[in-house]
Amino acid sequence: MNILITDLVDNLFIDLLKKNNIKYKYNTNMNAEEVLQQIHLFDGLIVRNRLKINATFLKKAKNLKFIGRYGSGMESIDIKKASELNIQCFNSAAGNANAVAEHTLGMLLYLFKNIHKSALNSHNLKWAREVNRGIEIENKTIGIIGYGNTGSAFAEKLMKFKCEIIAYDKYKSGFGNNIIQEGNIKNIYEKCDVISFHVPLNQETTYFFNSELISKMKKPFYLLNTSRGKVVSNRALVDGLKLNKILGAGLDVIENENSSFSNITVDENLNYLLSCDNVILTPHIAGLSKESNKKLSTVLIDKILELK
12 MNILITDLVD NLFIDLLKKN NIKYKYNTNM NAEEVLQQIH LFDGLIVRNR
62 LKINATFLKK AKNLKFIGRY GSGMESIDIK KASELNIQCF NSAAGNANAV
112 AEHTLGMLLY LFKNIHKSAL NSHNLKWARE VNRGIEIENK TIGIIGYGNT
162 GSAFAEKLMK FKCEIIAYDK YKSGFGNNII QEGNIKNIYE KCDVISFHVP
212 LNQETTYFFN SELISKMKKP FYLLNTSRGK VVSNRALVDG LKLNKILGAG
262 LDVIENENSS FSNITVDENL NYLLSCDNVI LTPHIAGLSK ESNKKLSTVL
312 IDKILELK
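So, in structure tokens, the structure goes:
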């Protein structure tokens, strides 16, 4: 087996390849054309989001047997074409699920407890207590949209908070228990105080969160998004905040990001969101913990070894 690695990975992953006598080439500077000139030499390809693995690329990868995503999202890979060409595609999402779940919970607490606003007040020597009175997670209804690795991990974190948890996943069933209610999208609209997105980005989920969804929510709510930026329409979010239909938002991702998540473009909607003290925006770091980098490596190597 010979593998080409085109993006940064933890040293542990390289060590695990060596330990298992797997040949590899590690080069993070090659562009797509340079990769294509060599791809016929490799059985496997390890990517993140730097390169677009489209149908044209895949057709030229004559000997490729698998593509492994070091991370979770697979939107940079044409999964359908890969399947047609018998190229297996898999990610290592289980490796950063706990990191994402902790970050999501942190953002929820950040919003509920007015941590951002009160910390700024304190740094400005304004000891403002009553105006920063928070609310509790207990007895709230939290809606989780997408019950894969991160959605289920977030639900587990919430179980100790004595809140109602409604999880909706179009493609999964049979996961409910005495604490986590397996619901439908209508349940989310009718009952939830918070909705949290944990879905992949694809044609179905692009701008899943839009003005129509907001109009169907029966009460004002908080939004959390740690999945992909384009799941949420900034325009709809801004309108919802202005109308007080959205009480606050915790965003680790935003539609202004470029495809490699390395930068953002600034526009009117982003400027508005940055001006709100009930909106927290972090730079796509929910899954980036020191521990998750190691876990991604072990999850990915296990999947590769299954193919040997």
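Using the numbering used here, you'd call the opening residue of the sequence shown number 12 and step up by one each time. All C-beta atoms, glycine included, are put in the ideal place defined by N, C-alpha and C. Computed from a predicted model, the values in this text were never measured in an experiment.
Notebook entry, point to check: Going by DSSP, which residues form a beta bridge with residue 165?
Noted result: Here residue 165 corresponds to residue number 154 of the sequence shown, with the count starting at 1. DSSP lists no partner for residue 165.
Next item on the list: On a CA-only basis, which of 259, 309 and 245 is nearest residue 278? Give me that one, please.
Entry: Your numbering for residue 278 matches position 267 in the sequence shown. If we check each option's Cα against that of residue 278, 245 comes out closest.
Margin query: In this structure, how does DSSP classify residue 268 when only helix, strand and coil are distinguished?
Written below: Your numbering for residue 268 matches position 257 in the sequence shown. Strand at residue 268.
Checklist line | Secondary structure of residue 245, DSSP reduced to three states | finding: Taking the sequence shown and counting its residues from 1, one reaches residue 245 at position 234. Residue 245: helix per DSSP, three-state reduction.
Next item on the list: Tell me whether residue 193 sits in a helix, a strand or coil according to DSSP, three-state version.
Entry: As a position in the sequence shown, residue 193 is number 182, starting the count at 1. DSSP places residue 193 in strand when its eight states are reduced to three.
Check: So what does DSSP say about residue 45, is it helix, strand or coil?
Finding: Within the sequence shown, numbered from 1, the residue matching residue 45 stands at position 34. Of the three classes helix, strand and coil, the one that applies to residue 45 here is helix, per DSSP.
Next item on the list: Please state whether DSSP places residue 312 in a helix, a strand or coil.
Entry: Mapped onto the sequence shown, residue 312 falls at position 301. Of the three classes helix, strand and coil, the one that applies to residue 312 here is helix, per DSSP.
Notebook entry, point to check: Opposite residue 100 in the DSSP bridges: which residues?
Noted result: Residue mapping note: residue 100 aligns to position 89 of the sequence shown, counting from 1. Paired residue(s): 78.
Note to self: Along the chain, where does the alpha helix (DSSP H) containing residue 29 start, and where does it finish?
What the structure shows: As a first step, residue 29 is located in the sequence shown; it is residue number 18 there, counting from the start. Unbroken alpha helix (DSSP H) run through residue 29: 22-30.
Notebook entry, point to check: Considering only C-alpha positions, which residue in the set 222, 275 and 265 is nearest to residue 252?
Noted result: Looking up residue 252 in the sequence shown gives position 241. Residue 222 is the option with its Cα nearest to residue 252.
Next item on the list: For my contact list, residue 101 and residue 79 are in at a C-beta cut-off of 8 angstroms; report their separation, rounded to the angstrom.
Entry: Mapped onto the sequence shown, residue 101 falls at position 90. Mapped onto the sequence shown, residue 79 falls at position 68. About 6 angstroms; that satisfies the 8 angstroms criterion.
Check: Between 268, 94 and 150, which lies nearest to residue 60 when the distance is taken from Cα to Cα?
Finding: For the purposes of this step, residue 60 is identified with residue 49 of the sequence shown, where counting begins at 1. Among 268, 94 and 150, the Cα nearest to that of residue 60 belongs to 268.
Next item on the list: Return the CA-CA distance between residue 40 and residue 18, expressed in angstroms with no decimal places.
Entry: Mapped onto the sequence shown, residue 40 falls at position 29. Mapped onto the sequence shown, residue 18 falls at position 7. Cα to Cα, the separation comes out at about 8 angstroms.
Next item on the list: Would you identify the three-state DSSP class for residue 282, choosing helix, strand or coil?
Entry: Indexing the sequence shown from 1 puts residue 282 at position 271. Residue 282 falls in the helix class under three-state DSSP.
Next item on the list: Would you mind working out which of 27, 123, 20 and 37 sits nearest residue 14, comparing C-alpha positions?
Entry: Counted from its first residue, the sequence shown places residue 14 at position 3. It is 37.
Note to self: For residue 98, tell me which candidate among 87, 77, 270 and 117 has the shortest Cα-Cα distance.
What the structure shows: The sequence position of residue 98 within the sequence shown is 87, counting from 1. Residue 77 is the option with its Cα nearest to residue 98.
Notebook entry, point to check: Closest to residue 49 by CA distance: which of 34, 72 and 67 is it?
Noted result: Residue mapping note: residue 49 aligns to position 38 of the sequence shown, counting from 1. Closest option to residue 49, Cα to Cα, is 72.
Next item on the list: Report the three-state DSSP secondary structure of residue 117 (helix, strand or coil).
Entry: Numbered from 1 along the sequence shown, position 106 holds the residue referred to as residue 117. Helix at residue 117.
Next item on the list: Evaluate the contact criterion for the region 286-298 versus the region 103-115: three or more CB pairs, one atom per stretch, below 8 angstroms.
Entry: yes
Check: To the nearest whole angstrom, what separates the beta carbons of residue 205 and residue 119, a pair I think is in contact under 8 angstroms?
Finding: Along the sequence shown, read from residue 1 onward, the residue named residue 205 stands at position 194. Along the sequence shown, read from residue 1 onward, the residue named residue 119 stands at position 108. That pair is a contact at about 7 angstroms.
Next item on the list: If I'm right that residue 284 touches residue 249 with Cβ under 8 angstroms, what's the distance once you round it to whole angstroms?
Entry: Stepping through the sequence shown from its first residue, residue 284 is reached at position 273. Stepping through the sequence shown from its first residue, residue 249 is reached at position 238. Going by Cβ atoms, the distance from residue 284 to residue 249 rounds to 7 angstroms, so yes, they are a contact pair.
Check: Rounded to a whole number of angstroms, what is the C-alpha to C-alpha distance between residue 191 and residue 160?
Finding: The residue given as residue 191 occupies position 180 in the sequence shown. The residue given as residue 160 occupies position 149 in the sequence shown. Spanning the two alpha carbons is a distance of roughly 15 angstroms.
Next item on the list: Identify which residue in 110, 66 and 74 has its Cα closest to the Cα of residue 93.
Entry: As a first step, residue 93 must be located in the sequence shown, where it is residue number 82. Of the candidates 110, 66 and 74, the one whose C-alpha sits nearest the C-alpha of residue 93 is 66.
Note to self: What residue range does the alpha helix (DSSP H) around residue 95 cover?
What the structure shows: Translated into positions along the sequence shown, residue 95 becomes position 84. Run containing residue 95: 90-95, per the alpha helix (DSSP H) assignment.
Notebook entry, point to check: residue 151: buried (16+ other C-beta within 10 angstroms of its C-beta) or exposed?
Noted result: Here residue 151 is taken as the residue at index 140 of the sequence shown, counted from 1. Buried is the call here.
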